[in-house]
Amino acid sequence: MSWRQVLVLYAVLAALGAEYWLRERRPVERPPGQPARERFLPPQTGDLREVRLRRAGRTVVSRRDADGWVVVEPAGTAIPPDLIEAFATALTGAEEIARVGDGQGDLRTFGLDERAAQVEIIAERGDPVSVTIGETNPTGTAVYARRSGSPAVVLIGRNVRYYEDLIFQALPSGHVPAADVDAPIGG
Amino acid sequence: MASPRWWLTLAGVALLSLGIRGTPARADVVPGDKINEQNMDKLKDLISPGMEWVIKHGWPITITETKRIEFPQAYKEATEKYSGQVKLTADGLNLVNYVAGLPFPNVDTKDPQVAMKIMWNWGYTHLTTDDVDLRNFDADTGAVADHGPLTVERHFLLDHFRRLFWTGRLYVDPKPEKPNPNGYRAQQGLYPVLEPFDLKGVGALGNRYTSSEKQDDSWLYLPSLRRVRRLSTAQRSDALFGQDTDVDSYYGYSGHPAWMDFKFLGERDLISCYHAQHYPVKWHDKVDWAFDDVWEKRKVYVIEGISKLPQYAYGKRVIFVDKEAWVIPFSDIYDRSGELWKIWINDMSFRKKAFEGANVIDYPDEMGFIPAIVMVDMQLEHATKASLPSHRFPGEQGWYFNQGEKAGITDDWFTVAALVNAGH
Numbered sequence: 006m007s008w009r010q011v012l013v014l015y016a017v018l019a020a021l022g023a024e025y026w027l028r029e030r031r032p033v034e035r036p037p038g039q040p041a042r043e044r045f046l047p048p049q050t051g052d053l054r055e056v057r058l059r060r061a062g063r064t065v066v067s068r069r070d071a072d073g074w075v076v077v078e079p080a081g082t083a084i085p086p087d088l089i090e091a092f093a094t095a096l097t098g099a100e101e102i103a104r105v106g107d108g109q110g111d112l113r114t115f116g117l118d119e120r121a122a123q124v125e126i127i128a129e130r131g132d133p134v135s136v137t138i139g140e141t142n143p144t145g146t147a148v149y150a151r152r153s154g155s156p157a158v159v160l161i162g163r164n165v166r167y168y169e170d171l172i173f174q175a176l177p178s179g180h181v182p183a184a185d186v187d188a189p190i191g192g
Numbered sequence: 022m023a024s025p026r027w028w029l030t031l032a033g034v035a036l037l038s039l040g041i042r043g044t045p046a047r048a049d050v051v052p053g054d055k056i057n058e059q060n061m062d063k064l065k066d067l068i069s070p071g072m073e074w075v076i077k078h079g080w081p082i083t084i085t086e087t088k089r090i091e092f093p094q095a096y097k098e099a100t101e102k103y104s105g106q107v108k109l110t111a112d113g114l115n116l117v118n119y120v121a122g123l124p125f126p127n128v129d130t131k132d133p134q135v136a137m138k139i140m141w142n143w144g145y146t147h148l149t150t151d152d153v154d155l156r157n158f159d160a161d162t163g164a165v166a167d168h169g170p171l172t173v174e175r176h177f178l179l180d181h182f183r184r185l186f187w188t189g190r191l192y193v194d195p196k197p198e199k200p201n202p203n204g205y206r207a208q209q210g211l212y213p214v215l216e217p218f219d220l221k222g223v224g225a226l227g228n229r230y231t232s233s234e235k236q237d238d239s240w241l242y243l244p245s246l247r248r249v250r251r252l253s254t255a256q257r258s259d260a261l262f263g264q265d266t267d268v269d270s271y272y273g274y275s276g277h278p279a280w281m282d283f284k285f286l287g288e289r290d291l292i293s294c295y296h297a298q299h300y301p302v303k304w305h306d307k308v309d310w311a312f313d314d315v316w317e318k319r320k321v322y323v324i325e326g327i328s329k330l331p332q333y334a335y336g337k338r339v340i341f342v343d344k345e346a347w348v349i350p351f352s353d354i355y356d357r358s359g360e361l362w363k364i365w366i367n368d369m370s371f372r373k374k375a376f377e378g379a380n381v382i383d384y385p386d387e388m389g390f391i392p393a394i395v396m397v398d399m400q401l402e403h404a405t406k407a408s409l410p411s412h413r414f415p416g417e418q419g420w421y422f423n424q425g426e427k428a429g430i431t432d433d434w435f436t437v438a439a440l441v442n443a444g445h
């Protein structure tokens with residue numbers, strides 16, 4: 006093989022390498038756990054200390070102590086700590102499914118008026134963040150929401166609203182059980 | 022002029038009415054109620070977001086009386102005999118000293134391990150203790166119309182879905198455990214597919230182990246490629262063959278209790294279809310992806326499950342577990358953004374025999390027949406409905422419980438060789 010042929014081979018190899026490097030190389034994959042979409046809330050809200058939830062004149066305040074979440078208002082309310090944790094995790098981990106408004110229009114359209122739920126989350130670091138949760142979207146899979154410091158109306162997962170519902174349903178309100186509470190479990 | 026006593030009475034009535042108004046009224050239903058999109062406010066505290074979606078799209082709900090669901094006698098006796106010795110490991114991932122019956126009949130909601138104990142109870146529920154053979158069932162999959170029918174894209178006909186449990190056995194010898202050097206909890210097979218033509222012979226097989234350290238063995242046989250593919254545990258959440266269903270969603274949740282981080286979200290009342298009157302299933306005339314049967318109010322535990330597997334398709338499941346029957350009426354599934362994605366709905370009918378007739382097996386206890394399931398993808402407005410058994414086989418009982426070899430439940434059937442052989 007002559008030196009010219011060797012040069013040509015090297016040139017072809019270099020061209021193929023450049024082609025691979027510039028065009029064929031696979032994009033860097035997203036690390037596990039990193040959201041595909043923008044996060045709804047800033048990341049410093051990860052270590053939460055307190056969650057205040059207000060809807061239809063009722064307020065639930067929960068604080069995290071060494072053993073987990075404790076409901077401090079209404080006092081003595083038996084809401085499972087896991088439910089507060091699940092709600093807080095769902096909200097702080099929520100992603101912006103879509104931006105549907107810039108806050109200039111009629112917020113009532115999105116249920117972001119006096120009917121909305123107000124959530125204040127207080128983290129170990131950073132300022133408290135307020136979130137307004139409005140109505141579900143027409144397809145029933147997400148809810149409209151806004152956070153303090155941003156006029157944008159965004160869609161976040163319906164899961165947040167469901168856990169909010171479960172929290173308010175756990176409050177005492179003369180609930181009639183489906184069957185005899187004292188009946189033995191398992192026939 | 023009115024007397025002071027009259028004014029006191031009036032004041033009392035006024036105060037009482039204020040008190041009543043001050044408490045938000047709970048939505049509620051009574052037997053005989055027929056619920057649809059117009060009056061679904063009556064149900065709003067008794068359903069999940071997934072059920073709300075299907076009712077808004079035309080699923081009819083008829084309310085009936087709540088009936089007790091008794092454990093089968095042998096299961097009840099085993100629970101009484103063995104449950105006292107059952108323990109959960111500190112990490113909640115393995116049962117210790119389990120023999121048979123319900124592991125934890127007395128659930129304390131303040132127990133730090135309550136979520137895991139509920140899911141272990143579900144994993145060892147009485148629906149199938151020894152074996153089950155589901156025969157001659159079909160499924161349709163396609164787009165669903167709002168208040169309208171399903172546009173069938175694919176029709177499936179399947180020969181068998183079989184499960185063989187190696188532990189916790191109560192009826193078929195050997196019991197309570199088969200000689201078990203592999204440490205199986207159960208084996209499961211779904212094969213062969215008979216229709217559609219291009220999937221004829223396809224099938225799936227899997228082994229579940231009692232130890233949480235071992236992942237399932239799962240195989241898929243594709244006759245067109247003459248290949249047996251091994252599936253990972255995470256792939257159990259993948260919808261196969263254009264259907265909306267995935268193996269991990271069978272029965273409402275079919276994964277190992279140890280594969281998810283479970284949270285206990287509370288207790289609530291919920292409607293469930295446990296005493297379906299129609300067998301085989303009756304699909305609604307107009308909204309034909311909805312089974313048209315009766316629902317009753319039940320008390321359930323609410324559990325959130327988030328998979329520990331990074332490749333798992335779903336962000337989380339919200340699973341409802343019946344407090345008395347230890348079965349799942351339906352479960353909602355969310356994607357990783359928390360957006361509502363799917364719902365699995367069971368049409369269940371606790372009864373002693375599939376239907377009246379000669380040669381129909383008459384069980385000593387009410388068994389958990391499931392004449393239909395529906396899985397809806399709300400984001401795609403797409404659904405898969407299965408008739409268990411198919412209407413194409415009149416007289417087919419569909420479900421055969423604890424029949425052992427009489428129903429073709431043999432160790433050999435749960436081998437890859439048998440899977441491949443049936444696909445030829």
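Chains as they are written, first to last, in the numbering used here: chain A, 6 to 192; chain B, 22 to 445. Just so you know, even glycine gets a beta-carbon here, dropped at the ideal spot from N, CA and C. Just so you know, these numbers come straight off a predicted model, no measurement behind them.
Assign residue i to one of three DSSP states: helix, strand, or coil.
i       : result
K88(B)  : coil
F376(B) : coil
D386(B) : coil
S328(B) : strand
F414(B) : coil
T431(B) : coil
L261(B) : coil
T254(B) : coil
Y300(B) : coil
I292(B) : strand
F341(B) : strand
M61(B)  : helix
P392(B) : strand
F45(A)  : coil
Y421(B) : strand
Which word fits residue i, buried or exposed, when buried means at least 16 other C-beta atoms lie within 10 angstroms of its C-beta?
i       : result
K102(B) : exposed
H412(B) : exposed
R89(B)  : exposed
R130(A) : exposed
W365(B) : buried
D118(A) : exposed
P156(A) : exposed
A23(A)  : exposed
F218(B) : exposed
K131(B) : exposed
P177(A) : exposed
D265(B) : buried
W74(B)  : buried
E345(B) : buried
N164(A) : buried
Spatial neighbours of residue i within its chain, please: CB distance less than 7 Å, with the 5 preceding and 5 following residues excluded, ordered by chain position.
i       : result
D62(B)  : A48
D314(B) : C294, A297, Q298, H299, K303, D368
G38(A)  : Its pLDDT being 49, under 50, G38(A) is placed unreliably by the model, and the measurement read from it follows with that caveat. Nothing listed; no residue qualifies.
Closer than 8 Å by C-beta to residue i: which residues in its own chain qualify, once you throw out the five before and the five after it? Chain order, please.
i       : result
W240(B) : A225, L226, G227, V249, R250, R251, L252, V437, L440
L36(B)  : Interpretation of L36(B) is limited by its pLDDT of 40, a score under 50 that renders its predicted location unreliable; the figure taken from the coordinates is listed afterwards. Result list for L36(B): empty, nothing under 8 Å.
G2(A)   : Examination of residue 2(A) is not possible in this model, given that chain A is present from 6 through 192 alone.
Which residues in the same chain as residue i place their Cβ atom closer than 6 Å to its Cβ, once the five residues preceding and following it in sequence are excluded?
i       : result
Y119(B) : V107
A93(A)  : L53, V56
V77(A)  : V66, R68
G222(B) : P213, P244, G444
A428(B) : D154, Y421
I82(B)  : I56, W316
Q332(B) : A255
L114(B) : S233, A279
What does residue i reach in chain D if we use C-beta pairs closer than 7 Å?
i       : result
A111(B) : The question asks about chain D, but that chain is absent: this structure's protein chains are A and B.
Taking 7 Å as the cut-off, is the C-beta of residue i nearer than that to any heavy atom in the ligand HEM?
i       : result
L112(A) : Here there are no bound small molecules, and the ligand HEM is not part of this structure.
Open item on the list: Please give the ranges of any alpha helix (DSSP H) in the stretch 90–128 of chain B, keeping only runs that are unbroken, at least 4 residues long and fully inside the region.
Closed with: List check, alpha helix (DSSP H) in window: 94–103.
Open item on the list: Counting beta carbon pairs with one atom in the stretch 130–146 of chain B and one in the stretch 162–175 of chain B, are three or more of them shorter than 8 Å?
Closed with: In this structure the stretch 162–175 of chain B does not touch the stretch 130–146 of chain B; the number of beta carbon pairs closer than 8 Å is below three.
Open item on the list: Using 8 Å as the cut-off, can you tell me whether the stretch 414–426 of chain B makes contact with the stretch 381–390 of chain B, which would need three or more C-beta pairs spanning the two stretches below that distance?
Closed with: Contact holds: three or more Cβ-Cβ distances are below 8 Å.
Open item on the list: If contact is defined by three or more beta carbon pairs under 8 Å, each pair taking one atom from either stretch, is the stretch 196–212 of chain B in contact with the stretch 337–355 of chain B?
Closed with: Output reads no: the stretch 196–212 of chain B does not touch the stretch 337–355 of chain B.
TODO: Assess, as a yes-or-no matter, whether the stretch 266–279 of chain B is touched by the stretch 342–355 of chain B under the definition of 3 or more beta carbon pairs within less than 8 Å.
DONE: In short, these stretches touch, since the Cβ pair count reaches three.
- [ ] Output the residue ranges of the alpha helix (DSSP H) runs that lie fully inside the stretch 80–151 of chain A and measure 4 residues or longer, sorted by chain position.
- [x] DSSP runs (the alpha helix (DSSP H)) wholly in the stretch 80–151 of chain A: 86–97.
Task: Segments of 3+ residues assigned as beta strand (DSSP E) that fall wholly inside the stretch 129–166 of chain B - done: For the stretch 129–166 of chain B, the continuous beta strand (DSSP E) assignments of 3+ residues that do not extend past its boundaries occur at 152–165, in sequence order.
TODO: Could you pull out every unbroken alpha helix (DSSP H) segment of at least 4 residues lying fully inside the stretch 198–253 of chain B, listed in chain order?
DONE: DSSP runs (the alpha helix (DSSP H)) wholly in the stretch 198–253 of chain B: none.
Open item on the list: I'd like to know if the stretch 271–287 of chain B and the stretch 323–334 of chain B are in contact, where contact means that at least 3 CB-CB pairs between them fall below 8 Å.
Closed with: As far as the Cβ criterion goes, the stretch 271–287 of chain B touches the stretch 323–334 of chain B, which means the pair count is three or higher.
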